[in-house]
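Inspection log for the structure reproduced underneath, given as C-alpha cells.
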Amino acid sequence: GMPVFFVPGNCDPPSIIDLNFNGLRCIHGVNILFKDFILMGVGGSPITPFNTFFEMSEDEILEVLRRCLGGINGIHEILIVSHAPPKNTRLDRTFLGLHVGSESLRRFIEEQKPLLTVCGHIHEARGKDLIGRTIIVNPGPARHGNYALLNIEKNNVKVDLLTMKV
C-alpha cells in the first residue's frame, strides 16, 4: 500500500519514534527520498507551560533539523513535516494572540528554503502562510475532521484545506 510518514506530537510518548510497521514510518530526525522529494521531520514541540510528553529546547529542535540534512545532495526539493509551526506566522498564534512557534524551525526554513512545510500543534491556527518561497500549512486537528490535500508537481504546490464529517 501507500507509505505513511509521521512525526509525533508533543502529547505523544517519544518512544513512538521507533514505530515502523506496515508502511508506517516516523521521520523525526531523518530524511527519506520519496518520489522526487526529500522528506524530513521533527516531532514534539518547543517547551510549553503544560509539561507534555515530548518537548525540546530550541537548540534540540535545531539539532534534529540539522541531522535531517545528512547525506542530502541538494538536487531534490525538501518537504518538512513538523509538529510545531515556525515562529511568527499565521500558524503559530494561540487563541490569546501569542506566537508560540519554533524559532529554530523558522531559521531552518529561511536558510534551507524548502518547498513546503506541514505543521500542526496550534489547533486554532489552521491555515496557510509563506516564509519566503516556502508554503507553510497547518491542516488543523484531525479529530475535527480537518485535513489538507496537497498536490505537488515539480516545484508547484496546490493546497486545499478540507473537512470531513467525523
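In our numbering, the protein residues as written are 21 to 186. Just so it is clear, CB atoms sit at the ideal spot from N, CA and C, and this is done for glycine as well. In this text the structure is predicted, and so the values were computed from the model without any measurement.
In chain order, which continuous runs of the beta strand (DSSP E) of length 3 or greater are located wholly inside the stretch 22 to 102?
-> 24 to 26, 44 to 46, 51 to 54, 57 to 62 and 97 to 102
So which of N175, G91, L89 and T68 has the shortest CA-CA distance to T114?
-> T68
Could you tell me which residues DSSP pairs with E173 in its beta bridges?
-> N176
C-alpha distance - G121 paired with P159, whole-angstrom precision | 15 Å
Can you list, in chain order, the residues of its chain whose CB lies under 6 Å from that of E123, leaving out five sequence neighbours each side?
-> E78 and K107
When DSSP labels each residue in this structure, what does R110 get in the three-state scheme?
-> coil
Expected contact under 8 Å - CB spacing of R110 and A162 to nearest Å | Not quite, the Cβ-Cβ distance comes to about 20 Å (not below 8 Å), so this is no contact.
Where V50 and L82 are concerned, what is the direct C-alpha to C-alpha distance, given to the nearest angstrom?
-> 13 Å
Look at F57 and E97 and say whether their C-beta atoms are less than 8 Å apart.
-> yes
Test item: CB-CB of H141 and G29 under 8 Å = yes
Residues near S65 by beta carbon distance below 8 Å, same chain, minus five either side = G29, N30, T72, F74, E75, M76, H103, A104, S122 and H141
In or out: P134 buried (at least 16 other Cβ within 10 Å) or exposed?
-> Only buried fits P134, as 16 or more other CB atoms lie within 10 angstroms of its CB.
Between L170 and L125, is the Cβ-Cβ spacing less than 8 Å?
-> Result no, Cβ atoms of L170 and L125 do not sit closer than 8 Å.
Going by CA-CA distance only, name the one from I129, H143 and D32 that's closest to N166.
-> H143
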